[in-house]
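So the structure is just underneath, and the comments pick up after that.
See the structure below:
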């Protein structure tokens, strides 16, 4: 199994995704939100790039709206981009339409992948298991922050690569995948390392300490959301 | 001083180079060659992208030709891409025209930078001193290998960032610059880490062990080659 990593949404080369299992990571916070919503029995998540698309879908379907711009809730939306808001009593059986600055753009940029999986720290082990089960080569796509490399998504990639290397005997890592694994393995405390991220400051300024602690938890759910034809659903 | 890093030639965003000191790294081996040739009193190095351009310049000027494709010497050229060939007796007072797979393409891709410096392990400290002297924000551009992130150039970037942080009190590192510094600081033996690079295997297959050892030496020369208007010269 070959394993590669793309360090931000601006660096996606679509042709390199063809035939691969593609793993999208925006751990602070879009993919942590999606994993949590699906875990809490949300019917499906529809990621869209613009606010206008989200509002148009709300008019057409009976759906809830979630997401952010500059990490802040969007006017007229039901949820912000805090995973802690997507509780079972609010999302079970519902469709959630989401738009975020980096995460939903990353998902849309990965549509050429054969299988498209949503990953975060909270479901890292389950994602790795699913990847081994599928058996295709893997490209991990970090959403990053404003098109730039982001420490949080990079170490989260390392977390998944670490699980993959433990589960699978024959892995071939690209140089950047090896580097993500090195960074992960040399940081016993993931939270402390992510505090170095530029993105972390913004999260703290907005008082999102609880979101941060939740998103840094490793492997707390077995849910593996998969994107197909515009929708994110629980994988079978 | 803001410090950022671009992980390969394919990821250069030209607008982000404007007004900055741009440092090009292709330590295995193009920039190690350029530094060595300039150290050995070569008059100037002219980097060109294609073999045809190099041959045309040879016809027009009295110059030597150096470089590689797939790490192998090009037919009709005077030198391969081995820094050990560019000895003083061969290059002193001469013009060297060079074309390589990744390095010369990286240099050309950085022409929008305010100052364009050629760096490798062998001149890391001198490059950092020059950057501090100039005082502008810094973008380190890794040539990478075939447009991809390469472990060797990344840790070399970390080496220069480490020197910069030791010399300059006020530095502001991007997430990827912090990661390069982390990788550098957590590898006492740079050679061992670079042996993980995909590129390393190719170098060894071709029997270039001596080149590898030379290119991994830290801070053995004070030469800082600067590119301006198509030519690389020793900085004043």
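Protein chains in written order, with this note's numbering: chain R, 70 to 305; chain C, 70 to 305.
We put the CB at the ideal spot given by N, CA and C, even for glycine.
Predicted model, so just to flag it, every value in this text is computed and none were measured.
Taking the alpha carbon of residue i as the point to measure from, which residue in the options has its own alpha carbon closest?
i             : options                    : result
residue 116/R : 252/R, 165/R, 96/R         : 165/R
residue 299/C : 114/C, 77/C, 90/C, 78/C    : 114/C
residue 100/R : 184/R, 174/R, 249/R, 266/R : 174/R
residue 150/C : 124/C, 86/C, 221/C, 140/C  : 140/C
residue 106/C : 158/C, 72/C, 145/C, 81/C   : 158/C
residue 235/C : 252/C, 245/C, 194/C, 163/C : 194/C
residue 324/R : 122/R, 186/R, 181/R        : As shown, chain R starts at 70 and ends at 305. That puts residue 324/R outside it, with no answer to give.
residue 214/R : 275/R, 83/R, 138/R         : 138/R
residue 267/C : 184/R, 242/R, 205/R, 154/R : 242/R
residue 79/C  : 290/C, 88/C, 211/C, 126/C  : 211/C
residue 152/R : 202/R, 225/R, 167/R        : 167/R
residue 244/R : 264/C, 260/C, 258/C, 229/C : 264/C
residue 278/R : 97/R, 170/R, 90/R          : 97/R
residue 283/R : 271/R, 130/R, 259/R, 301/R : 259/R
residue 131/R : 160/R, 154/R, 110/R, 142/R : 160/R
residue 290/C : 154/C, 110/C, 146/C        : 110/C
residue 256/R : 301/R, 302/R, 225/R, 280/R : 225/R
residue 202/R : 230/R, 223/R, 237/R, 222/R : 237/R
residue 221/R : 281/R, 205/R, 204/R        : 281/R
residue 143/R : 120/R, 133/R, 125/R        : 120/R
Can you say whether residue i is buried or exposed, counting buried as having 16 or more other CB atoms within 10 angstroms of its CB?
i             : result
residue 217/C : buried
residue 94/R  : buried
residue 199/C : buried
residue 70/R  : buried
residue 172/R : buried
residue 273/C : exposed
residue 276/R : exposed
residue 227/R : buried
residue 239/R : exposed
residue 209/R : buried
residue 249/C : buried
residue 72/R  : buried
residue 169/R : buried
residue 84/R  : exposed
residue 183/C : exposed
residue 261/C : exposed
At the level of alpha carbons, what is the spacing between residue i and residue j?
i             : j             : result
residue 30/R  : residue 269/R : Chain R is shown only over 70 to 305; residue 30/R falls outside these bounds and no answer can be derived.
residue 86/C  : residue 246/C : 15 angstroms
residue 74/R  : residue 128/C : 44 angstroms
residue 232/R : residue 197/R : 6 angstroms
residue 181/C : residue 162/C : 29 angstroms
residue 179/C : residue 297/R : 39 angstroms
residue 285/C : residue 92/C  : 18 angstroms
residue 123/R : residue 207/C : 40 angstroms
residue 191/C : residue 288/C : 5 angstroms
residue 219/R : residue 135/R : 22 angstroms
residue 304/C : residue 188/C : 12 angstroms
residue 77/C  : residue 176/C : 12 angstroms
residue 251/C : residue 108/C : 30 angstroms
residue 81/C  : residue 112/C : 29 angstroms
residue 147/R : residue 156/R : 12 angstroms
residue 118/R : residue 88/R  : 24 angstroms
residue 302/C : residue 133/C : 16 angstroms
residue 125/C : residue 154/C : 23 angstroms
residue 205/C : residue 223/C : 21 angstroms
residue 229/R : residue 90/R  : 13 angstroms
residue 295/R : residue 145/R : 27 angstroms
residue 253/R : residue 254/C : 15 angstroms
Can you pull the chain R residues whose beta carbon is under 9 angstroms from the beta carbon of residue i, in chain order?
i             : result
residue 217/C : 73, 243, 244, 245
residue 76/C  : 76, 80, 218, 245
Going along chain C, which residues have a C-beta under 7 angstroms from residue i?
i             : result
residue 274/R : Here the premise fails: no neighbours, minimum Cβ distance about 17 angstroms.
residue 255/R : 255
For residue i, go through chain R and note every residue whose CB falls closer than 7 angstroms to its CB, in chain order.
i             : result
residue 248/C : 220, 223, 252
residue 265/C : 247
Just to make sure I have the definition right: I need the residues of chain R whose C-beta is within less than 8 angstroms of the C-beta of residue i. Which are they?
i             : result
residue 281/C : Residues of chain R passing the Cβ test: none, with the nearest at roughly 16 angstroms.
Could you tell me if the beta carbon of residue i falls within a distance shorter than 6 angstroms of some heavy atom in the ligand NAD?
i             : result
residue 176/C : Here there are no bound small molecules, and the ligand NAD is not part of this structure.
Review point. Which whole runs of the beta strand (DSSP E) in the segment 138 to 217 of chain C are 3 residues long or more, in chain order?
Key: Fully enclosed beta strand (DSSP E) runs of 3 or longer: 164 to 168, 184 to 188, 207 to 211.
Point to revise | 3 or more residues per run - each beta strand (DSSP E) lying fully within the segment 85 to 147 of chain R | key: 90 to 94, 113 to 116, 132 to 136
Exercise for review: Report the residue ranges of all beta strand (DSSP E) runs contained in full by the segment 258 to 302 of chain C; include only those spanning at least 3 residues, in chain order.
Suggested key: 294 to 297
Check your understanding: In chain order, which alpha helix (DSSP H) runs of at least 4 residues are fully inside the segment 215 to 260 of chain R?
Key -> 220 to 236, 244 to 254
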